[in-house]
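Position one of the sequence shown corresponds to residue 15 (this note's numbering), numbered consecutively onward. Idealized CB from N, CA, C, for every residue including glycine.
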Amino acid sequence: MSDISSFARTIKGDVVTPDDADYANSIARWAKNAERNAKVVVHVKDAEDVVKSIAYAKDHKLPIAIRGGGHNAAGASSVEGGLVIDLKRHINYVRIDAEKKLGYVGGGAIWAQVDQEAIKYGLATVGGTVNHTGVGGLTLGGGYGWLAGRHGLTIDNLKQATIVTANGSILTASDTENSDLFWAIRGGGSNFGVATELVYQLHPQRKTVFAGNAVYTPDKVEKLVDLTKKWLDNVGEDEGMIHVVAATPDGKAAFIVIFFYNGSEEEGRAHYKEFFDVGPVVDNVREIPYEQLNSLQNPQASHGRCYYLKGVSQASPNYKATMELIQKVAEIAKGGVFKPAILHEYCPNAKINSVPVSATAFRRQISSNILTNVAWEEGVDKAAEAREIAKELVDIVLRGQGNSLDDAEKSGYTNYDHDDIDIPSASIASPTGDHWAKRADLAFASNYPKLQQIKKVYDPENIFNRWYPITPA
Numbered sequence: 015m016s017d018i019s020s021f022a023r024t025i026k027g028d029v030v031t032p033d034d035a036d037y038a039n040s041i042a043r044w045a046k047n048a049e050r051n052a053k054v055v056v057h058v059k060d061a062e063d064v065v066k067s068i069a070y071a072k073d074h075k076l077p078i079a080i081r082g083g084g085h086n087a088a089g090a091s092s093v094e095g096g097l098v099i100d101l102k103r104h105i106n107y108v109r110i111d112a113e114k115k116l117g118y119v120g121g122g123a124i125w126a127q128v129d130q131e132a133i134k135y136g137l138a139t140v141g142g143t144v145n146h147t148g149v150g151g152l153t154l155g156g157g158y159g160w161l162a163g164r165h166g167l168t169i170d171n172l173k174q175a176t177i178v179t180a181n182g183s184i185l186t187a188s189d190t191e192n193s194d195l196f197w198a199i200r201g202g203g204s205n206f207g208v209a210t211e212l213v214y215q216l217h218p219q220r221k222t223v224f225a226g227n228a229v230y231t232p233d234k235v236e237k238l239v240d241l242t243k244k245w246l247d248n249v250g251e252d253e254g255m256i257h258v259v260a261a262t263p264d265g266k267a268a269f270i271v272i273f274f275y276n277g278s279e280e281e282g283r284a285h286y287k288e289f290f291d292v293g294p295v296v297d298n299v300r301e302i303p304y305e306q307l308n309s310l311q312n313p314q315a316s317h318g319r320c321y322y323l324k325g326v327s328q329a330s331p332n333y334k335a336t337m338e339l340i341q342k343v344a345e346i347a348k349g350g351v352f353k354p355a356i357l358h359e360y361c362p363n364a365k366i367n368s369v370p371v372s373a374t375a376f377r378r379q380i381s382s383n384i385l386t387n388v389a390w391e392e393g394v395d396k397a398a399e400a401r402e403i404a405k406e407l408v409d410i411v412l413r414g415q416g417n418s419l420d421d422a423e424k425s426g427y428t429n430y431d432h433d434d435i436d437i438p439s440a441s442i443a444s445p446t447g448d449h450w451a452k453r454a455d456l457a458f459a460s461n462y463p464k465l466q467q468i469k470k471v472y473d474p475e476n477i478f479n480r481w482y483p484i485t486p487a
């Protein structure tokens with residue numbers, strides 16, 4: 015304990031161990047099943063605190079996890095018996111330079127802070143569609159959002175980052191400084207260091223948008239799927255849609271459409287007129303303040319429950335698969351334990367895919383994303399059962415897609431995937447077996463060999479290995 019005490023005296027922030035009253039709060043995460051019993055949590059105040067934390071972990075052979083928003087359901091921001099570098103408590107600022115249209119954001123901030131602060135100046139950038147998600151994890155993993163149709167991915171709007179690397183260097187990464195590192199972090203996640211600050215390009219944004227949920231009965235699904243296919247043929251950059259198959263509290267399945275139009279209610283209702291003419295039983299779509307847009311899904315993603323997430327892609331909406339999902343979700347929900355939801359995300363991809371695959375580490379694809387989310391209230395031991403449920407649901411989706419997806423697209427969007435990422439505490443090195451190699455290869459596809467080369471430069475010992483671990487070349 016004297017060793018920890020000596021270390022704590024060098025830290026400007028807070029050092030928390032299992033004996034402290036703040037310990038339970040310090041290891042708490044969005045998903046209950048993502049919590050791990052860390053040996054020490056360091057609530058860092060600046061990059062220098064991060065440098066000292068990395069050095070302490072290496073000296074004591076402790077595995078490292080980085081906590082930004084703590085929103086990874088698989089436990090990437092937690093580590094059993096290791097050291098957590100926690101950015102959320104102290105490095106959570108948002109500063110707007112309205113003249114240059116730039117947002118300077120601490121690595122521990124969440125998207126709600128960015129949305130709320132930037133819109134004061136009539137500005138916004140591409141952020142997460144659940145606004146209590148951390149900025150760091152979503153950004154470094156790619157970053158889809160409602161504004162992606164106009165502005166591309168979050169990484170396409172990242173201008174600069176401050177990264178603390180494995181050897182304790184505090185580096186600026188941008189197109190002009192450490193450009194190899196800047197390439198790698200835009201899609202390569204937390205594999206290269208700790209992002210203490212992220213600088214975003216901001217864009218003019220109207221103060222209100224047309225958005226919200228409409229609930230339809232299952233007999234309307236065929237018409238809605240047909241309309242969606244027609245809409246996708248001419249989708250514009252200021253619109254978006256999510257189809258949600260979810261369970262109601264009484265164990266029935268519901269079909270929900272989340273609409274988005276970057277304009278007034280009059281414009282939005284005219285634009286989606288055919289969808290509203292189908293006749294939703296509940297219509298909560300209206301003109302709302304922009305800063306509320308990314309909170310629409312928050313009620314279905316509340317803190318403190320257990321979650322199992324699985325991503326997959328889709329080439330086109332499929333009526334037969336959707337109806338099969340509705341039936342399966344109702345069947346699962348009637349069991350009273352699990353609450354599954356499948357989100358079919360329809361985002362205009364032209365702007366996203368105008369950026370070459372080789373320009374950043376992120377694996378871009380033509381297909382849209384599907385997120386399978388299996389939630390339950392308590393019992394982390396139910397994760398294996400939740401995984402099987404998620405697999406069943408994903409298999410339904412894949413059958414509906416036929417042979418239209420390659421293996422990488424079947425693996426889904428990296429920020430949506432959930433797998434066993436826990437690393438044995440006896441070693442700070444990541445496993446390098448076939449499982450991890452295949453996962454990383456699918457996650458990064460043609461960019462993986464270059465990522466391995468850059469990993470060798472910035473983290474040759476592989477101490478940052480909690481998210482799609484990259485084996486150094």
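Quick one: residues in its chain with C-beta nearer than 6 angstroms to the C-beta of residue i, no 5 flanking neighbours on either side, listed in chain order?
i, result
"Asn332", "Gly414"
"Tyr427", "Gly325 and Asn383"
"Ser441", "Summary for Ser441: the model assigns pLDDT 35, below 50, so the residue's position carries little reliability; its value from the coordinates is reported in the next sentence. Excluding positions up to five away in sequence, the list is empty."
"Asp436", "Note that Asp436 has pLDDT 46, beneath the 50 cutoff, so the model's placement of it is unreliable and the number below is only indicative. Excluding residues within five positions, none has a Cβ falling inside 6 angstroms."
"Pro362", "Gly163, Val249 and Glu251"
"Ala260", "Ala268 and Ala355"
Once the 5 residues before and after residue i are set aside, which same chain residues still bring their CB inside 8 angstroms of it?
i, result
"Thr231", "Phe269 and Val295"
"Ser278", "Thr222, Phe224 and Glu301"
"Glu235", "Rather than Glu, the amino acid found at residue 235 in this sequence is Val. The residues are Phe269, Tyr333, Thr336, Met337 and Ile340."
"Asn145", "Ile124, Trp125, Ala126, Asp129, Asn308, Ser309 and Asn312"
"Leu238", "Tyr230, His257, Phe269, Val271, Phe289 and Val292"
"Asp473", "Thr179, Ala180, Asn205, Phe206, Gly207 and Pro486"
Select from the options the residue whose C-alpha is nearest the C-alpha of residue i.
i, options, result
"Ile256", "Val371, Ala225 and Gly120", "Ala225"
"Ala71", "Phe478, Lys114 and Tyr322", "Phe478"
"Gly344", "Asn312, Phe274 and Gly265", "The sequence given here has Ala at residue 344, not Gly. Of the listed residues, the one whose Cα sits closest to Ala344 is Gly265."
"Leu465", "Lys234, Gln215 and Ser204", "Ser204"
"Glu94", "Lys75, Tyr107 and Pro370", "Lys75"
"Tyr482", "Asp455, Lys470 and Met337", "Asp455"
"Ile366", "Gly159, Asn106, Thr24 and Ile124", "Gly159"
"Asn387", "Phe376, Leu339 and Ala373", "Leu339"
"Asn461", "Ser372, Leu412 and Gly207", "Ser372"
"Tyr360", "Lys26, Asn248, Val119 and Asn86", "Asn248"
"Thr242", "His358, Lys66, Lys53 and Val471", "His358"
"Asp297", "Val229, Phe289 and Glu305", "Val229"
"Ser40", "Lys46, Asn47 and Val30", "Val30"
"Glu134", "Arg220, Val98, Val119 and Asp395", "Glu is not the amino acid found at residue 134; the sequence shown has Lys there. Measuring from the Cα of Lys134, the nearest candidate turns out to be Arg220."
"His432", "Val119, Gly89 and Ala69", "Gly89"
"Val149", "Thr168, Ser67, Val471 and Glu402", "Thr168"
"Val299", "Tyr321, Phe273, Tyr322 and His285", "Phe273"
"Tyr37", "Asp189, Asn476 and Ala52", "Ala52"
Drop a sphere of 10 angstroms on the beta-carbon of residue i, count the other beta-carbons inside from all chains shown, and report buried for 16 or more, exposed for fewer.
i, result
"Ser368", "exposed"
"Gly416", "exposed"
"Lys287", "exposed"
"Glu280", "exposed"
"Ile380", "exposed"
"His165", "buried"
"Asp33", "exposed"
"Ile317", "One detail in the question is off: residue 317 reads as His in this sequence, not Ile. His317 comes out exposed."
"Gly350", "exposed"
"Ala355", "buried"
"Lys342", "buried"
"Arg377", "buried"
Can you name, in chain order, every residue of its own chain whose Cβ lies under 7 angstroms from the Cβ of residue i, other than the five neighbours on each side?
i, result
"Pro218", "Gly136 and Leu137"
"Ala42", "Glu49"
"Leu407", "Leu339, Lys342, Pro354, Ile356 and Thr386"
"Ser19", "none"
"Ala422", "Arg377, Leu456 and Ala459"
Taking Cβ positions, are residue i and residue j nearer each other than 8 angstroms?
i, j, result
"Ala187", "Arg480", "no"
"Trp538", "Ala404", "Since the displayed the chain opens at 15 and closes at 487, residue 538 lies outside it and no answer follows."
"Asp100", "Val55", "yes"
"Gly84", "Lys102", "yes"
"Ala457", "Ser425", "yes"
"Ala61", "Ile184", "yes"
"Gly156", "Gly201", "yes"
"Val64", "Thr153", "no"
"Asn86", "Gly151", "yes"
"Lys46", "Arg319", "yes"
"Gly27", "His104", "yes"
Quick one: what's residue i bridged to in DSSP?
i, result
"Cys320", "Trp390"
"Phe21", "According to DSSP, Phe21 bridges with nothing at all."
"Tyr275", "Phe224 and Glu253"
"His85", "The partner list for His85 (beta bridge, DSSP) is empty, contrary to what the question assumes."
"Tyr214", "Gly117 and Leu172"
"Pro303", "Thr222"
"Pro483", "Pro483 pairs with nothing; no bridge assigned."
The ligand ADP heavy atoms versus the CB of residue i: any closer than 7 angstroms?
i, result
"Ile110", "This structure simply doesn't include the ligand ADP, nor any ligand for that matter."
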